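The next block holds one structure in the form of structure tokens; read it before the comments.
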Amino acid sequence: MRRPVTSRTDFRTPALDALAKEVIPERHFAFSMETARDRFFNDTRMFDVKRDVHDRFRTNPTSMAGHVIDNLALTGDEDLLDLRCGNAFVLEHLRPHLADGTITEFDVAPAVLDAPGPG
């Protein structure tokens, strides 16, 4: 009989941490929200790659928006807060399910907020 795994394996070791500090420049270990926004989200490249990878390799036959809607089991009067909403394309699909609710969207990346939705 196989025993269930009760903890996750942690591959970090003092030697690996020391090697990382030796090889990876210090600036990659800590940066502010502004630095992350300006480095990685100053345009839509990261958003486009994430969406492309999702579309190519997903195995769930339900659309991402459909999957979210099914799992939220909305009653129509919820107040929804979406942090890191991107261009809010999923929220476009949620709006009809929140007839008496509200949707508040927030993202720190202006370029991603301005990205056109699919289709």
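Heads up: the sequence shown begins at 442 in the numbering used here, then just goes up one per residue. Where is the CB? At the ideal position from N, CA and C, for every residue including glycine. Predicted model, so just to flag it, every value in this text is computed and none were measured.
Residue i versus residue j - alpha carbon distance
i	j	result
Ala550	Leu522	17 Å
Ser504	Glu463	43 Å
Phe408	Glu475	Coverage of the chain is limited to positions 442 through 560, which leaves residue 408 absent and any answer about it impossible.
Ile510	Asp555	24 Å
Leu460	Pro466	11 Å
Asp480	His495	One detail in the question is off: residue 480 reads as Arg in this sequence, not Asp. Spanning the two alpha carbons is a distance of roughly 22 Å.
Ala540	Pro455	54 Å
Phe498	Lys491	11 Å
Asn512	Ala477	30 Å
Element boundaries [beta strand (DSSP E), containing residue i]
i	result
Thr545	Thr543 to Phe547
Leu457	No beta strand (DSSP E) holds Leu457; the alpha helix (DSSP H) holding it covers Pro455 to Val464.
Where residue i falls, given that 16 or more other Cβ within 10 Å makes a residue buried
i	result
Phe488	buried
Leu532	buried
Leu457	exposed
Leu535	buried
Asn501	exposed
Where the alpha helix (DSSP H) through residue i begins and ends
i	result
Asp493	Arg486 to Phe498
From the options, residue whose alpha carbon lies closest to that of residue i
i	options	result
His538	Arg492, Asp520 and Ala471	Asp520
Any contact of the stretch 473-490 with the stretch 534-551, i.e. 3+ C-beta pairs under 8 Å? yes
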